[in-house]
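Structure first, commentary second.
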Amino acid sequence: MMKPVLPPTTTKQTASRGRIGIGRILAILSAFVAAPALAEEPPHSGDLFQHPLYRAYAFGQDDTVIDLGMQPFRFPAGLVMETMRHDLLLTGALKGMGLTVRFHPFLKGSEVHFFLHAGKLEGGTGGDIPTLTACALDRVRVVTLVELDFTSLIASRWMRVSELRGKRIGVSLGTNAHYGLLRALETVGLREGDVNIEDAEVQELPGMLIRKEVDAISSWDIISTLTERRGNGKVLHRVLARGYLYFGAEFTESRPEAVRQLIAAQIRALDWLERTEENLLRAVEWTRKTVRGMTGRDLELSREELARQVARSLRHLGQAPLLPERILDTEGPLFGAVDFLSSHGKLPVPPSPEELQECFQRQTALQVMADPVGYRLDHFDYTERSPE
1 MMKPVLPPTT
11 TKQTASRGRI
21 GIGRILAILS
31 AFVAAPALAE
41 EPPHSGDLFQ
51 HPLYRAYAFG
61 QDDTVIDLGM
71 QPFRFPAGLV
81 METMRHDLLL
91 TGALKGMGLT
101 VRFHPFLKGS
111 EVHFFLHAGK
121 LEGGTGGDIP
131 TLTACALDRV
141 RVVTLVELDF
151 TSLIASRWMR
161 VSELRGKRIG
171 VSLGTNAHYG
181 LLRALETVGL
191 REGDVNIEDA
201 EVQELPGMLI
211 RKEVDAISSW
221 DIISTLTERR
231 GNGKVLHRVL
241 ARGYLYFGAE
251 FTESRPEAVR
261 QLIAAQIRAL
271 DWLERTEENL
281 LRAVEWTRKT
291 VRGMTGRDLE
301 LSREELARQV
311 ARSLRHLGQA
321 PLLPERILDT
331 EGPLFGAVDF
341 LSSHGKLPVP
351 PSPEELQECF
361 QRQTALQVMA
371 DPVGYRLDHF
381 DYTERSPE
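Under this note's numbering, read the sequence shown as residues 1 to 388, first letter to last.
What follows is the structure, encoded as structure tokens:
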């Protein structure tokens, strides 16, 4: 199988930072945008380097700077990473090793992988497709879950999934929602070619359904919940989706303690967010500020509404973001995802069983959790301003 075209691995380079307004990516539901998956054909090297947002990013020029990719539009993963960004205990622990960390916001998980493959990032977050592709191409080390939530297939009226044959379905191609749609169709013997797919950005989907431009949409459960609440649709099918935190192989091997400190920061963040509503509201506001920095506009959803929705998603994940104990079982969901996505042509480079064994490393997080005192898992110190 021919490998997809990705940029050549390069040394780190620095670009000036800037504030870019991208009005198109923000609508009333844009708080929930962020496709966690890689499209069928990844962008060519020039596309994302010249993106009006990313071309302004300043990446570290040497190995004392840890550059991480985050997705502020994806909840709860973006909120957890944003909380880690404000963690002074993490900053202090890394400083003791002569390191600093920078969190760079991206719109999609496939873009995080793009820049990691290009040598600009040491790690980041992504859903099944970009993570599995990163495993095959870059031998990344997947260390924790950052998200465990649902995607939903929602229609303008109640119908059987089988009735979608020949109907128009809106979805952001290459995302976990796209994966969920394929799974839903399979339950009734349908394939992608049996329906009419309308590709759209995630934040555009509810409006498309309201305007009857499509008969159904597939999106993250949190969007579908809001769509239902406004009386604009009925959920027909739900599929569990996962998001992961991963790091480059070279970084993991050369800086294992830094990886453990970052995992500790994630564990602290999950604990702290669930302790009080005030903590959750603070983190939501930090995330809203990051979105304003990307778009030049405020989110139209209140922080209270966002917090209520995120609280439910966080409960799915829990305070111990361990990879499932049997994630590498050949009959488990991970191998099932590889087989399913490969058979549908949605995984450009499927990783082998040996590569999966090498990439998914549950034991690293277990090492952190086995030493709660040393990693200060019960201590919290968050600054209102990101310390970058």
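Glycine is no exception: its CB is placed at the ideal position from the N, C-alpha and C atoms.
Nothing here was measured: the structure is a model prediction, and the numbers come from that model.
Original post:
Would you call Pro76 buried or exposed, if buried means 16 or more other Cβ atoms sit within 10 Å of its Cβ?
Top reply: By the neighbour-count rule (16 or more Cβ atoms within 10 Å), Pro76 is buried.
**OP:** Can you grab the Cα-Cα spacing for the pair Ile197 / His178, in whole Å?
**Re:** Distance between the alpha carbons of Ile197 and His178 is about 10 Å.
Original post:
So, are the CB atoms of Thr364 and Val112 less than 7 Å apart?
Top reply: The beta carbons of Thr364 and Val112 sit no closer together than 7 Å.
Original post:
Can the beta-carbon of Leu280 be found closer than 7 Å to that of Leu273?
Top reply: In contact: Leu280 and Leu273 (Cβ atoms closer than 7 Å).
Original post:
CB Lys234 to CB Trp158, shorter than 7 Å?
Top reply: Contact flag set, yes.
**OP:** Going by CA-CA distance only, name the one from Ala155, Ala283, Arg303, Val195 that's closest to Asp215.
**Re:** Ranked by how close their Cα comes to the Cα of Asp215, the residues Ala155, Ala283, Arg303, Val195 have Ala155 in first place.
**OP:** With DSSP as the reference, please indicate the residues paired to Lys234 in a beta bridge.
**Re:** BP columns for Lys234 point to Ala155.
Subject >> CA nearest to the CA of Phe251, picked from Val140, Glu277, Asp199, Gly166 >> reply: Ranking Val140, Glu277, Asp199, Gly166 by Cα distance to Phe251 puts Val140 first.
Original post:
Can you tell me the Cα-Cα spacing of Ser152 and Leu164, whole angstroms?
Top reply: Taking the straight line joining both Cα atoms gives about 14 Å.
**OP:** Check the C-beta distance from Arg116 over to Gly243 and give it rounded, since I have them as a contact under 8 Å.
**Re:** The residue you asked about is not Arg; residue 116 is Leu in the sequence shown. In fact, because the Cβ distance is near 15 Å, the residues do not count as touching under 8 Å.
**OP:** State buried or exposed for Pro350, treating a residue as buried only when at least 16 other CB atoms are found within 10 Å of its CB.
**Re:** Looking at its Cβ environment, which holds 16 or more other Cβ atoms inside 10 Å, Pro350 is buried.
Subject >> Cα-Cα separation, Tyr382 to Gln266 >> reply: Across the structure, Tyr382 and Gln266 are spaced so that their CA atoms are roughly 13 Å apart.
Subject >> Under the three-state DSSP convention, the category Gly296 falls into >> reply: DSSP places Gly296 in coil when its eight states are reduced to three.
**OP:** Return the CA-CA distance between Leu173 and Thr330, expressed in angstroms with no decimal places.
**Re:** Rounded to whole angstroms, Leu173 to Thr330 spans 27 Å at the Cα level.
Subject >> Same chain, Cβ closer than 8 Å to Val284, neighbours up to 5 away in sequence not counted >> reply: Cβ-Cβ distances below 8 Å link Val284 to Leu79, Arg303, Leu306, Ala307, Val310 in the same chain, with the five nearest sequence neighbours on each side left out; the list follows chain order.
Subject >> Range of the contiguous alpha helix (DSSP H) that encloses His316 >> reply: Counted as a single uninterrupted DSSP element, the alpha helix (DSSP H) harbouring His316 occupies residues 303-317.
Original post:
How many Å lie between Asp62 and Lys95 at the Cα?
Top reply: Approximately 15 Å, taken between the alpha carbons.
Original post:
For Ile197, which of helix, strand or coil comes out of DSSP?
Top reply: DSSP places Ile197 in strand when its eight states are reduced to three.
Subject >> Option in Leu148, Cys135, Phe380 with minimal Cα separation from Leu240 >> reply: Looking only at Leu148, Cys135, Phe380, the smallest Cα-Cα distance to Leu240 is reached by Leu148.
Original post:
Using the rule of at least 16 other Cβ atoms within 10 Å of the residue's Cβ for burial, across every protein chain shown, is Val202 buried or exposed?
Top reply: Classification for Val202: buried.
Subject >> Assigned secondary structure, His104 (DSSP; H/G/I helix, E/B strand, else coil) >> reply: Residue state, collapsed to three classes: strand.
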